[in-house]
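All remarks here apply to the structure that follows.
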Amino acid sequence: MQRGLRKICPAEAGHVRFVALLLAALSLLSAGAAWAQTEIPKKRRPVAAVELPSPTPNDEIKSIKSYGYGSTGSPAAAPDRPSGSADGQLLASQARPLPPPSATGLQLTVRSDLSAVSVALTRLVEVQVFTLANPYRVVIDMADVRFELPARLSQHAGGHVRAIRYGLIAPGRSRIVIETTGPVLVEHRYQSQTNNASPPILNVSLRTATEEQFMASMETARAVNPTTFVPPAAPIVPEGKTGRPVIVLDAGHGGIDGGAVGAANTVEKEIVLAVALKVRDELRRRNRYEIVMTRSDDRFVSLDQRVAISQRANADLFLSLHADAVPDPAFADQARGATLYTLSEQASSRAAQELADRENAADVRAGFSFEPDLNPQVTSILHDLALRETRNFSIQASKLLERRLGERNFLSRDPSRSAAFRVLRQPEVPSVLIELGFLTNEVDAKLMQTEDWQRRVASTLANGIDAFFSTRRRANP
Ligand code: ZN
Numbered sequence: 000m001q002r003g004l005r006k007i008c009p010a011e012a013g014h015v016r017f018v019a020l021l022l023a024a025l026s027l028l029s030a031g032a033a034w035a036q037t038e039i040p041k042k043r044r045p046v047a048a049v050e051l052p053s054p055t056p057n058d059e060i061k062s063i064k065s066y067g068y069g070s071t072g073s074p075a076a077a078p079d080r081p082s083g084s085a086d087g088q089l090l091a092s093q094a095r096p097l098p099p100p101s102a103t104g105l106q107l108t109v110r111s112d113l114s115a116v117s118v119a120l121t122r123l124v125e126v127q128v129f130t131l132a133n134p135y136r137v138v139i140d141m142a143d144v145r146f147e148l149p150a151r152l153s154q155h156a157g158g159h160v161r162a163i164r165y166g167l168i169a170p171g172r173s174r175i176v177i178e179t180t181g182p183v184l185v186e187h188r189y190q191s192q193t194n195n196a197s198p199p200i201l202n203v204s205l206r207t208a209t210e211e212q213f214m215a216s217m218e219t220a221r222a223v224n225p226t227t228f229v230p231p232a233a234p235i236v237p238e239g240k241t242g243r244p245v246i247v248l249d250a251g252h253g254g255i256d257g258g259a260v261g262a263a264n265t266v267e268k269e270i271v272l273a274v275a276l277k278v279r280d281e282l283r284r285r286n287r288y289e290i291v292m293t294r295s296d297d298r299f300v301s302l303d304q305r306v307a308i309s310q311r312a313n314a315d316l317f318l319s320l321h322a323d324a325v326p327d328p329a330f331a332d333q334a335r336g337a338t339l340y341t342l343s344e345q346a347s348s349r350a351a352q353e354l355a356d357r358e359n360a361a362d363v364r365a366g367f368s369f370e371p372d373l374n375p376q377v378t379s380i381l382h383d384l385a386l387r388e389t390r391n392f393s394i395q396a397s398k399l400l401e402r403r404l405g406e407r408n409f410l411s412r413d414p415s416r417s418a419a420f421r422v423l424r425q426p427e428v429p430s431v432l433i434e435l436g437f438l439t440n441e442v443d444a445k446l447m448q449t450e451d452w453q454r455r456v457a458s459t460l461a462n463g464i465d466a467f468f469s470t471r472r473r474a475n476p
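So in numbering that gives the first Met the number 0, spot 170 of the sequence shown is number 169, and the numbers just go up one at a time.
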């Protein structure tokens, strides 16, 4: 095996050095070509090929609503904006890695038949804009953009816009969802900036369209970028069992899906995460369980992913935490306290059904499009004998949690209900969903934000979980 170790004479060595230098130069050149390629801007494709006229000062402006914009309508000064990046396409030419871009302002301008959503960014980002039906939505997907905007953007409505939401949908992927009042045609473009001191602004213009035009533009977007409709992969969960019961704690909502917004600026996703983390810590201290969280930070997790995490973890109990909001402000004062839900295809009341519909729409709010969640075959399985056992355990867990919550005065007036919640459809895992209180009730909203309330409700839930597993141990020694 000495073939490769032939001695090299000095003349040959010079030749080898020359060839090596030539190769190095060639590789440098090709690297340079790759650099040049990254600098060529990718062509953005509008969802619908509609040229919207730029509004002129003579257009009648019906309303302007803005966050992070000055009174003159110009964007607020943006932090850590790289210099010289305002002419359109300079992202790849920066020598040092840049901090993630931020969205620092959002403005909705309504003119006669034109609603313009403008987003002030600290620098240019690649965007994909597409539409979804049922309900009508315009989705703006961007790379990692930090949002420095208030949480109550859902109240940003007018013209064609019913609501605006924003947030992370996956690590490194950000999204703005504009829910519209009907079918629209969309055009998006960056406003060209002549003044380098101003950050770039992404303009998304909406104009009334027919249903046919809307559906055609939706199909075009789907054809251009079919992967847009695939939700991100579920987080890894521990495989196999250690012999201890596995509890999946499911903090509802997250990321772009804030859930209910209530009195005193409370946002459901924040409160339920705070409580879920405290329940986790409380259970860890008791050292009797394996704990799996469907999320432990502010990220979007789809409903199907939550169920998949529970199934992959081979869970012995799935506990989903939420906070309710009364849709009718006239009744906001009356409803307060916690309510426990188990699965039933026939809801225990109309209010329970409406709540399940709202909670089941989480993925839709986040700008995802899914097929109907169950076919009739799966529904018939729900009446199976195997399921009945799981259902009995779910009801038992719910009753034990309810008793503990009742002893500490956490409960609502009608605390035991059932409805067809998507996250509770787990044929082999006892599952309970708890609405911890009503964000629309001022007393509840204030209480639920306090560390003290969160800690007390967490230890009460942990006591209920202990009670459930101690009865199961007695039943199966
Ligand atoms: Zn919820």
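Even for Gly, the Cβ is constructed at its ideal location relative to N, Cα and C.
If you draw a straight line from the alpha carbon of G257 to that of E358, how long is it in whole angstroms? Here the C-alpha atom of G257 lies approximately 11 Å from the C-alpha atom of E358.
Please classify K445 as buried or exposed, where buried requires at least 16 neighbouring CB atoms within 10 angstroms. exposed
Integer-rounded CB distance, given that T439 should sit under 8 Å from A331: 4 Å
Report, in whole angstroms, the separation of the C-beta atoms of S393 and P426, which I expect to be a contact under 8 Å. Contact doesn't hold; Cβ gap of about 11 Å is too wide.
Top-ranked residue by Cα proximity to G181, from Q190, L131 and H155: L131
Cβ-based neighbour list, A396, same chain, cut-off 7 Å, excluding 5 preceding and 5 following: L316, P429, V431 and F467
Status (buried if at least 16 other CB within 10 Å, exposed otherwise) for A115: buried
Would you mind stating whether V203 and N313 have Cβ atoms separated by less than 8 Å? no
Check whether the Cβ atoms of S309 and A351 sit closer than 8 Å, and answer yes or no. no
Give a yes or no on contact between the stretch 117-136 and the stretch 167-186, applying the rule of three or more CB pairs nearer than 8 Å. yes
Is D112 close to chain C, meaning its C-beta is less than 8 Å from at least one C-beta of that chain? Judged by its chain identifiers, the structure shown contains no chain C, having just a single protein chain.
What does DSSP give as the partner residues of E441 in its beta bridges? Partner(s): none; E441 has no beta bridge.
Inter-residue spacing [alpha-carbon to alpha-carbon] between R491 and F437: Here the chain comprises residues numbered 0 to 476, so residue 491 is not present and cannot be evaluated.
Contacting residues, own chain, Cβ-Cβ under 8 Å from D465 (five flanking each side not counted): R285 and R287
Euclidean distance between Cα positions of T470 and A461: 14 Å
What do you reckon, are the CB atoms on I290 and R283 nearer than 8 Å? Taking 8 Å as the cut-off, the beta carbon of I290 is found closer than this to the beta carbon of R283.
What runs of the alpha helix (DSSP H), each 4 residues or longer, lie entirely inside the stretch 143-184? Unbroken alpha helix (DSSP H) stretches of 4 residues or longer found wholly inside the stretch 143-184: none.
Does G242 pass the burial test, meaning 16 or more other C-beta atoms within 10 Å, or should it be called exposed? exposed
Flag E427 as yes when its Cβ comes closer than 7 Å to any non-hydrogen atom of the ligand ZN, and as no otherwise. no
Looking at L318 and L248, is the spacing between their C-beta atoms short of 8 Å? It is a contact, given that the beta carbons lie within the stated cut-off.
Please determine whether the Cβ atom of G261 lies at a distance below 7 Å from any heavy atom of the ligand ZN. Flag unset: Cβ of G261 not near the ligand ZN.
Nearest CA to the CA of L123: which residue from V176, L201 and T103? Checking every option, the nearest Cα to that of L123 belongs to L201.
Best match in D323, T103, R454 and V137 for proximity to T207 [C-alpha to C-alpha]: V137
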